[in-house]
Amino acid sequence: MQVIDADTVARATPFERLVPALRELFASGAEVPPRQVLTLADPAGGAAVTSLVMSAWDPGRYYAVKVINIAPGNAERGLPGLHASVLLHDAITGVPLALMDGDAITTRRTAAASALAASWLAPADAREMLVVGAGRVAALLPAAYRAVRPIERVTVWARRPEAAEVLASRWRSDGFAVTVATDLANAARHALIVSCATLATAPVVRGAWLAPGSHLDLIGSFTPAMREADDACFRGASVWVDTEEALVKAGELLAPMASGAWRSADLRGTLAQLARGEVHGRSAADERTVFKSVGTALEDLAAAMLVQAAAG
Numbered sequence: 001m002q003v004i005d006a007d008t009v010a011r012a013t014p015f016e017r018l019v020p021a022l023r024e025l026f027a028s029g030a031e032v033p034p035r036q037v038l039t040l041a042d043p044a045g046g047a048a049v050t051s052l053v054m055s056a057w058d059p060g061r062y063y064a065v066k067v068i069n070i071a072p073g074n075a076e077r078g079l080p081g082l083h084a085s086v087l088l089h090d091a092i093t094g095v096p097l098a099l100m101d102g103d104a105i106t107t108r109r110t111a112a113a114s115a116l117a118a119s120w121l122a123p124a125d126a127r128e129m130l131v132v133g134a135g136r137v138a139a140l141l142p143a144a145y146r147a148v149r150p151i152e153r154v155t156v157w158a159r160r161p162e163a164a165e166v167l168a169s170r171w172r173s174d175g176f177a178v179t180v181a182t183d184l185a186n187a188a189r190h191a192l193i194v195s196c197a198t199l200a201t202a203p204v205v206r207g208a209w210l211a212p213g214s215h216l217d218l219i220g221s222f223t224p225a226m227r228e229a230d231d232a233c234f235r236g237a238s239v240w241v242d243t244e245e246a247l248v249k250a251g252e253l254l255a256p257m258a259s260g261a262w263r264s265a266d267l268r269g270t271l272a273q274l275a276r277g278e279v280h281g282r283s284a285a286d287e288r289t290v291f292k293s294v295g296t297a298l299e300d301l302a303a304a305m306l307v308q309a310a311a312g
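Residue numbers (UniProt numbering): 1 to 312.
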């Protein structure tokens with residue numbers, strides 16, 4: 001069994017290859033049972049570890065299991081609070097093939113899923129995007145979007161301006177023209193693509209700021225207690241999700257459904273439906289689109305299969 005580190009995962013999953021790999025697997029389908037949530041109590045009375053177990057398999061080919069361990073007590077130990085691993089198996093024999101860095105798999109497939117959605121939903125001629133957030137997923141978004149849109153200019157806003165400056169320097173070295181925004185409302189008003197990757201629990205982006213014809217990408221809210229966008233972001237917009245699981249997990253959608261600002265019946269479709277041509281994406285230049293993702297093990301499987309192919 002191979003052990004594959006984060007750098008190797010990154011080299012094996014350039015977005016020019018990872019985005020099409022996601023599209024292909026969403027179109028063909030995979031078996032994805034509900035994720036398991038386990039609680040590992042600390043006998044000494046410290047903070048419990050929450051472990052998420054996500055699995056998916058492509059019958060007759062590969063079977064992947066991702067384990068994400070979230071340990072709030074690690075801050076006091078001087079350790080990162082999140083650790084993830086992906087174990088890829090042969091789906092026929094059950095033989096373990098490779099143990100992969102799960103953090104790298106997760107961040108890269110998450111950014112790629114947003115880019116995949118944008119290939120159908122974002123304005124085709126969009127050359128500039130606004131990134132809200134400065135974490136590991138946010139750092140990958142311009143490169144991911146450049147695989148599907150001619151992105152040249154990036155504006156970044158973060159609660160900590162120094163974190164935004166670090167990202168700006170990194171992106172400039174990648175060939176982007178970058179501006180660090182201090183006024184998020186003004187930046188959003190002038191952006192055709194707004195991509196949010198934060199851990200916010202209250203709205204950061206307001207619908208009143210969004211321009212007609214813009215595309216809003218919401219990544220960070222993956223529990224009912226989290227939110228990046230207010231109700232107005234959904235009112236009058238065309239909304240798609242990665243999977244229908246978002247309708248029961250994302251505070252982003254639960255809140256506007258509860259207030260009546262948006263109805264689940266108005267959902268335009270999922271990534272699988274878009275990939276299969278069962279529904280269509282953007283239909284008008286002035287249409288305001290929203291994509292909400294919560295993540296799925298199918299994406300982990302697609303990325304792991306790509307890494308395995310590169311590893312030979």
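Glycine included, each C-beta is placed from N, C-alpha and C at the ideal position. Remember, it's a predicted structure, so these values are computed and weren't measured experimentally.
>> Quick check on the DSSP output: the beta strand (DSSP E) that includes VAL53 runs from which residue to which?
In response: Taken as a continuous stretch (DSSP letters only), the beta strand (DSSP E) holding VAL53 covers 49-58.
> Which runs of the alpha helix (DSSP H) fall wholly inside the stretch 81-158 and span at least 4 residues, in chain order?
Replying inline: Whole alpha helix (DSSP H) segments, 4+ residues: 102-121 and 136-146.
> DSSP state of PHE176, grouped into three classes?
Replying inline: Looking at PHE176 - three-state DSSP - the assignment turns out to be coil, as it is neither helix nor strand.
>> Less than 8 Å between the beta carbons of ALA304 and VAL86, yes or no?
In response: Cβ distance < 8 Å, so ALA304 and VAL86 count as in contact.
>> With a threshold of 6 Å on Cβ separation, who are the neighbours of PRO203 within its own chain once the five nearest residues in sequence on each side are excluded?
In response: Excluding positions up to five away in sequence, the list reads ARG227, ALA229 and ASP230.
> Would you say the stretch 38-51 touches the stretch 8-21, given that touching needs at least three Cβ pairs under 8 Å?
Replying inline: In short, these stretches do not touch, since the Cβ pair count stays below three.
> Mind checking VAL9: buried by the 16 CB within 10 Å criterion, or exposed?
Replying inline: That one is buried.
> Can we say the stretch 165-175 touches the stretch 194-212, given the rule of at least three CB pairs closer than 8 Å?
Replying inline: The answer is no - the stretch 194-212 does not touch the stretch 165-175, with fewer than three Cβ pairs under 8 Å.
>> Using C-beta distances below 8 Å, list every residue in its chain close to VAL180, excluding the 5 sequence neighbours before and after it, in chain order.
In response: Hits under 8 Å: THR155, VAL156, TRP157, PRO161, ALA164, GLU165 and ALA168.
>> Does the stretch 181-188 come into contact with the stretch 115-135, if we say contact requires no fewer than three beta-carbon pairs (one atom in each stretch) closer than 8 Å?
In response: Cβ pair count under 8 Å is three or more, so yes.
>> Three or more C-beta pairs under 8 Å: does that hold for the stretch 268-277 against the stretch 138-154?
In response: Counting C-beta pairs with one atom in each stretch, the stretch 268-277 and the stretch 138-154 have fewer than three that are closer than 8 Å, which means they do not touch.
> Within 10 angstroms of its Cβ, does ALA177 collect 16 or more other Cβ (buried), or is it exposed?
Replying inline: With fewer than 16 Cβ atoms within 10 Å of its Cβ, ALA177 is classed as exposed.
> Buried or exposed: which applies to SER36, given that a residue is buried once 16 or more other Cβ atoms fall within 10 Å of its Cβ?
Replying inline: A quick correction: the sequence has Gln, not Ser, at residue 36. Exposed, because fewer than 16 other Cβ atoms sit within 10 Å of the Cβ of GLN36.
> Taking the DSSP output, what are the residues bridged to ILE193?
Replying inline: HIS215, per the DSSP bridge assignment.
>> With the cut-off set at 8 Å, would you say GLY213 and GLU287 are in Cβ contact?
In response: Yes, these two residues count as a Cβ contact at 8 Å.
> Where in the stretch 251-301 do unbroken runs of the beta strand (DSSP E), each at least 3 residues long, occur, reported from the N-terminal end onward?
Replying inline: Runs found: 289-292.
>> Starting from THR39, trace the beta strand (DSSP E) in both directions and tell me its first and last residue.
In response: Taken as a continuous stretch (DSSP letters only), the beta strand (DSSP E) holding THR39 covers 36-40.
> Near ALA208, what residues of its chain come up, given a Cβ to Cβ distance below 7 Å and the 5 sequence neighbours on each side ignored?
Replying inline: The answer, listed in chain order, is ALA232.
>> If you reduce the DSSP assignment to three classes, tell me which class VAL9 lands in.
In response: It is helical.
> By the 10 Å Cβ neighbour count, where 16 or more other Cβ atoms means buried, how is MET54 classified, buried or exposed?
Replying inline: Looking at its Cβ environment, which holds 16 or more other Cβ atoms inside 10 Å, MET54 is buried.
> Would you report the Cα separation of LEU140 and LYS292, rounded to the nearest angstrom?
Replying inline: For the pair LEU140 and LYS292, the Cα-to-Cα distance works out to about 17 Å.
> Which two residues bound the contiguous beta strand (DSSP E) that contains VAL67?
Replying inline: Residue range 62-70 is occupied by the beta strand (DSSP E) that includes VAL67.
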